[in-house]
Amino acid sequence: MLASTLSSGWFLENAWLIPLIPAIGFAFIIFFGKRMPQGGSEFGLLSMAASFAIAVGATVQWIQRVNSASSEGEHALGGFFGFARAVLPMAGEEGGHSAAFVEPVVRTWTWWQSGGLEFGVGQHIDGLSIMLLLLVTFISLLVQIYSTEYVSGDRRYTHFFAALTLFSAGMLVMVLAENMIQLILGWEIMGLCSFMLIGHWWEEAANSRAALKAFFTVRVGDVGLLVGTAVIFFGANDWAVERGSNGFSIRAISAWALSGEASNSVLFWGGVALFIAAIGKSGQFPLHTWLPDAMAGPTPVSSLLHSSTMVVAGVFLVARVYPVFFVGFDILDTAVNLITIIGGITIIAAAALAFVQDDIKKVLAYSTVSQLGYMMLGLGVGAWLPAVFHIFTHAFFKCALFLAAGSVSHSGSHHSFDMKKDMGGLARKMPITATTWMISTAALCGIPFFSGFFSKDEIIDNASHNGYQFFYWVGLIGAAMTAAYMTRATYLTFFGAPRGAAAGEHHDDHSDAHDAHAAHDAHDDHDAHHDDHHGRHAGPHESPWRITAPLVILASLAIFSGYLNAPAVGTHYFTDWVEPAGVAVAADHAATATDGEEHALGFAALAAEEEGGYSEGCGFTTPEDGTVCYAPKLSHAEFAWSKAAPSIVLVAFGILMSAWLSMGVFGDRKHPLKGLTSRSGIARRGHAFLVNKYYLDHLYEGVIVKAVAHPIAKAAYWINQNILDGVVNGVGRSGRATGEWVYRNLDQRVVDGAVNASGLVASETGHALQPIQSGKVNQYGALLFGAATVGAIVLILVNI
Amino acid sequence: MNMATITNDNWLLTVGTFLPLVGVLLMMFIPASEERTHKQIGIVTSAVTAAVGVLTLLRFDYGHSESLQFFVDSEWISVIRSNYTIGLDGISLPLYFLSMVVTLLVMIYTWDNMPDAGNPKSFIILMLVLQVGMAGSFIAQDLILFFVFFEVVLLPMYFMIGVWGGEQRQYASLKFFLYTMFGSALMLVAFLALFFQTGAESFSFAHLAEAGALIDRDVQIWIFAGMFVGFAVKVPMFPFHTWLPDAHTQAPTQGSVILAAILLKLGTYGFVRIAIPMLPQGAKAWAPVIGILAVIGIIYGALGCLAQTDMKRLIAFSSVAHMGFVMLGISTLTEFGINAALFGMVAHGLITGMLFFVAGSVKHRYHTLEISRLSGMLIQMPRLGWILGFAAMASLGLPGLAGFWGEFPAILSAYNPNFGLNVGLYRVLMVIAALGTVLAAAYLLWLYQRTAFGRPNPEFDAHAAHPVGAGVNDDHHGADIHDVTPIEWIAWTPFLIAIVVFGVYPQLMFDVMDPAVSALVERVGAGIP
Amino acid sequence: MYAVNFLILGALLFSLGVFGVIARRNAVMVLMSIELILNAVNVNLIAFAMMNNSAEGHVFALYVIAVAAAEVGVGLAMVLMIYRNRRSIALDELSAMKG
Amino acid sequence: MNALLAADVNVAQNVGFYVIAAVMLYGAVRVVSTRNVVHAALWLVVVLGGVAAQYVLAAAEFVAISQVMVYIGAVMVLFLFGIMLTRATIGSEDGLNNRGWGLGIPVALLLAGTMIWVVVDQYRGTVLESPEGPMPTTALSDVFLREGLVPFLALSFVLLAAAIGAIVLARKD
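Chains as they are written, first to last, in our numbering: chain A, 1 to 800; chain B, 1001 to 1529; chain C, 2001 to 2099; chain D, 3001 to 3173.
What follows is the structure in structure tokens.
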């Protein structure tokens, strides 16, 4: 049978080990961590390494599987082209490579049952999950290595690693979730760990409040997740049960959504509910306020949260059950839908906010938000693959950026994150950090030939390709703004004159220093460490290898990861490996195997050829009887430098403009001695020039920046802090107030009052005790006989 | 019982239920002054009882969990046609066993946490009697028998609160007593009405479940109303809940734990086992009311929690919210909902019981439960702090812990209720209930942040003299502010393990309950034209 | 003559006894009221025995009398003891003392 | 009064019944209402005596005898001793009723009403044919020593226990 040629392998079969190992590692850390020489971090590292190894193995085997499949599907191309021309004239050139449907590797074990239905827990391995498994394990590993140095000597070192490991485990569970419940499981575990990690230094009220806020805001979104899951479940269940599956299984849901039998309203409302969850988790526009506050956590946490795990979860959710959204919001038939709106707003709003941050981590935080906006936008405009690809590339360079920022604060600015106070001119002191930072920045800005370019540009391109013209422009503007604020941050951190701690000063107001100070609270054994910490930080210097090594690796990936799918140079491996082919396959595949059976591989490729059911096109027309679709057939805009040109130009413009402004604005603020000499040297050469520069300076700072950047961005920021944030806090506060009121008035007065007033307990509520005590026995007598009588009477009445 | 019945070891239930009385008898003859002996007897007795419970678990035929097992049916009060009918099926098995385990653990906890009023003799005797009542209620298959056990529970708890309680114990205990008595009175009337309406032939559940469905609708509604009040008081549901916070706050730790873990379940169990199958049409008529009240309870309880300044009272209010979820599940009359409700009962028993244990220990150390005065628990006693955090997370329904499996399926089931109940209404209820989970997160995290995070309150740091053994890490411990003691570990570990195990692999319980529930829903469906 | 007579008499006595139990504060008085109740029951027993002339009714009445005697004995003894400890036999003070 | 004139009713017996009943009820009312403990005890004697008389009317001599002996002989004495030993004031005393004693009235009325209604509803018109001679004591002894034996023994134990208990309780030490 043809399917047998779809290769599989031990790693694919047992991918479920990948989340299991870190989970066990977590248990080990909790129970034995404190007794271990390395305080339990070794368990974390070991487990992550093991998971990574398995993930690599699985990836390799998956690629083999894909190749074996597409070799089957070769001569399905003709039909594919035919369809492509028929439906979408532009689609022909691309996608000749993803014709054959690659059966995911699904295994399930019975997890719980209800109403006679058994629901499984297991693995659902397809391109998407493979990609994320690899990504998450890899980045978690790097972050843990980095942390061994970064949080060394922390009083809760062990707990930190425990939480970190469990966090990765949660994300991994979610990534290979076979059904929605399992997805929720991973989703919530991550929420919990983010609470533990962001609030890691909970001695400071601010930190614990940030943690609370993060968990709470995400939890608000989770209502959507619960409701959405319920809606989809009951929508899909009957359909799925007929085919030996159930309404939780992700495959069943996808197939059902595309089967054409699903009611659109159910899909729409289910989609909306699920998307609300995604908004909360991925920090999309109205609910993004928790994300910057989450910077209260240690830097490794921020990097892990914002690169590949926590915030990506929302995007992953949308990508995972994409058919629901595809049909529910009928993407490709509209010029605007909920996802694109939210995504677009997020891109611009977050980017604008990033301009006015002094805290380097907050700049990165907002840039993350805005990049997530891109991913959402991509999914919204039907550019599934570019969006997923952007998750992939973004993870590397964003993680690198955060780690670099951490490295700066760790070794350069004495635990401060304030760019204006404590940084500047660090490029010379910390060459490696600076280089990696700038590479990653280039990638983030989308400068050609860096990874970010290939992913982000694809998204923007497809936006116009699929008829979302407006959001095409939003994307472009966003790109320019990204470039601008990143340039500003780069300049403030690494160029110009050193300021504050960067200049070796030891200012002792650590008001703004989040990190290690909280860690070094009054503990004798740590005080020693604390001191030599200071000692090591006599002045800015490069960080030790455990910090720089991950940086270098990530930075190199920030360059090269893009070439996995660089149409500019004609590579499309990523597309081949990750994108599910939108072809109809024989229906018996909807059945999920149970009891750990590997999913029966059936006539995937065969069905695809024989009755060319796919040529109708999944997601556009209903698949013929006996066939189901697991993914909509999407077309890709083909790449052309001409189309890429506008974004490139805008990016370049953004960079130059911002660089120019930055130099002007921040160039010679507050004159440290070093800066003065150089400037006086210039002064000797040409007075007029200096004066002019000064005027320009004045002009920029006084007019342009103040007039443009500040009011607008500040306004956005103000809205953010006061209105949106106010809502979140307000909800909490008003909830509290309502509670007070209800409790005091309703509960204590009305309901309770009624009881107390009823002569049995007491005539007056105030001194309830006195009357109760007096004549207890007699009152019981009265009560007893009274009750007996009443009972008797009713008996009689019943009996008449 | 005759030989035939002995062979399929149905002596198990009778023994398991009445074994504690042996201990009671024994203790009668030992002077109250020998406190250690009494505690030992208490522990041994409840341990043996639990052992019998384990044996029951082993002998239980999981293949037929929908049918009654260890069934005994022998003459009791033939005058009123009430028999000694007992049996166990998938619905009652978890609760039956839970009651035994909880009693055992509470006994162990009592070893060095005797309430101030002292006199362990009567305290332990009361707990043992309580155990008999609880276990009996879960195995009874005869209305009168059930009622007797149901009432047996009442008095010991009354004295527990009234004698070993806090400052306002008389008030709280009397309130508890009157509320429940009021409920029981109406309940008894409803039982008798049902009995006579079905031709006064037998009180056995099986008979009534068949005959009850034939009563015409209006009568069913009235009888159901009576049972509704009786059980709703015990649950407690929204308008009848005000006894709960007082009782919980005033009761000794042991009392609170047993109250939360088992007693509240008697009400919900009554709904599932008696009210709904025996009066299908009445149930259908009342279901929307129950659903609405349940959801009100969810939101209302959560708001109540947000308003609390006392830790124990907060936990008590959270019970109202959680039982709201349980009742919501029941009110949908679906297999999903009732499964969820049954799971929720056990989960809530474990989790809230655990929370009350922690609250008790906090009180024991700080001599206050004022949230505003507690702070930095994680520094002064990290282990206790972590346990509190764990329990809080479980309580707010985190997946992977037991609470989730009671909460989520209940919400899920509300999406389409059974037997043509008003779908629109229930979907609204579902959304509101889902919002309730957010509030749950809010108050529990708020509690945790206020009590566990931050730095210890100086007023307690002051008398932090010398480090004490238990659970030392690099923090110093006050003279009486010490971390979890060995006894507490012994008493708590089973709870913690159970919460995780059931959370990770819920099939353990669903597997037992589901067939029974399906059969039950089928029967209900048959009774609804 | 009519059975109703006896039964009504019993009912009235019983109710009076109940009233006494509820209303009285002095322990001894409560005991007396209980005696009233018991006797009311006895009257009924005898009446029924007469109705279907059998001896059981009488036997039961005798049982009741005996038990009543015992009850009074113990009850008064307790009252005495309580009085000795508390110098009062007012029930409400008693119940106030007990938790 | 038509009850009196009913053909098959022994008038004398009825008159006796009503007279005694009236006395008893009055006594009972006084028992629960008087302000004087001693008086209450004495009124109780009246009631108990009345009961005994009713027994006689109902042809239950043996019960009547034991009633007189046990109650009026023993129990009342006990009561008087109790009153005396607890130094209840011989004169009238206030606060003999507790607050909330009013609660008793409705309960009692309700109870009486219910029972009477039930009784009347059930036994209206049933006539107790006046028995030929008193119930023979042998019959009683038969019941006592045959099926009634176990309860009889149990009862004796109860009495014994009560006696001992009373002694233990009341003993000064």
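Glycine is no exception: its CB is placed at the ideal position from the N, C-alpha and C atoms.
What you are looking at is a predicted structure, and each value in this text was computed from that prediction instead of being measured.
Cα-Cα separation between residue i and residue j, rounded to whole angstroms
i	j	result
Y146(A)	G40(A)	15 Å
T435(A)	A404(A)	10 Å
L123(A)	S8(A)	The amino acid at residue 123(A) is misidentified as Leu; the sequence shows Gln. Q123(A) and S8(A): Cα-Cα distance of roughly 14 Å.
I547(A)	S411(A)	10 Å
S635(A)	T441(A)	30 Å
P3131(D)	L3140(D)	16 Å
V1428(B)	A257(A)	24 Å
L1026(B)	A1519(B)	42 Å
F1147(B)	A1050(B)	24 Å
L3149(D)	L3159(D)	15 Å
A230(A)	F389(A)	30 Å
G3165(D)	E2056(C)	29 Å
A210(A)	G199(A)	7 Å
Test: residue i CB closer than 8 Å to a CB of chain D
i	result
N2026(C)	yes
G766(A)	Legend: pLDDT at G766(A) = 36, less than 50; position of this residue unreliable, no value from coordinates given.
G786(A)	yes
T217(A)	no
I2089(C)	yes
Under the three-state DSSP convention, the category residue i falls into
i	result
G467(A)	coil
N1990(C)	What the structure shows of chain C is the stretch from 2001 to 2099, and residue 1990(C) is not part of that stretch, so it cannot be assessed.
T3086(D)	coil
S680(A)	Any answer about S680(A) is weak, because its pLDDT of 48 lies below 50 and its placement is not dependable; what the coordinates show is given next. Of the three classes helix, strand and coil, the one that applies to S680(A) here is helix, per DSSP.
Y630(A)	coil
Y1084(B)	strand
R1365(B)	helix
V321(A)	coil
I1077(B)	strand
Residue burial classification, residue i (beta-carbon count within 10 angstroms, cutoff 16)
i	result
G1118(B)	exposed
Q3122(D)	exposed
P1382(B)	buried
L585(A)	Checking the sequence, you will find Val at residue 585(A) rather than Leu. Buried: at least 16 other Cβ atoms inside 10 Å.
Minimum Cβ-Cβ distance from residue i to chain A less than 8 Å
i	result
M1377(B)	no
Cβ of residue i within 8 Å of any chain C Cβ
i	result
V3023(D)	no
M3115(D)	yes
8 Å Cβ cutoff, residue i in contact with chain B
i	result
Q284(A)	no
Worksheet item: Residues in the region 1283 to 1310 of chain B with C-beta within 9 Å of chain A's C-beta atoms, listed in sequence order?
Response: Those would be Y1300, A1302, L1303, G1304, C1305, L1306, A1307, Q1308, in chain order.
Practice prompt. Could you list the residues in the region 2066 to 2081 of chain C with a C-beta less than 9 Å from some C-beta on chain D, going in chain order?
Written response: Residues of the region 2066 to 2081 of chain C with a C-beta atom less than 9 Å from some C-beta of chain D are A2066, V2067, A2068, A2069, A2070, E2071, V2072, G2073, V2074, G2075, L2076, A2077, M2078, V2079, L2080, M2081, listed in chain order.
Worksheet item: Mind listing which residues of the region 2005 to 2032 of chain C have their C-beta closer than 8 Å to chain A's C-betas, in chain order?
Response: Those would be V2018, V2021, I2022, A2023, R2024, R2025, V2030, in chain order.
Discussion item. Any C-beta of chain E within less than 8 Å: which residues of the region 1325 to 1358 of chain B qualify?
Written reply: Annotation note: the requested chain E is absent from the structure, which comprises protein chains A, B, C and D.
Discussion item. What are the residues in the region 2036 to 2047 of chain C lying within 8 Å of chain D by C-beta distance?
Written reply: Listed by position, the residues of the region 2036 to 2047 of chain C near chain D (Cβ gap below 8 Å) are L2036, N2039, N2042, V2043, I2046, A2047.
Item to complete: Mind checking the region 6 to 38 of chain A against chain B and listing, in chain order, the residues whose C-beta falls within less than 8 Å of any C-beta there?
Response: Answer in chain order: K34.
Worksheet entry | Residues in the region 297 to 318 of chain A having any Cβ partner in chain C nearer than 9 Å | Taking 9 Å as the cut-off between beta carbons, none of the residues of the region 297 to 318 of chain A comes near chain C.
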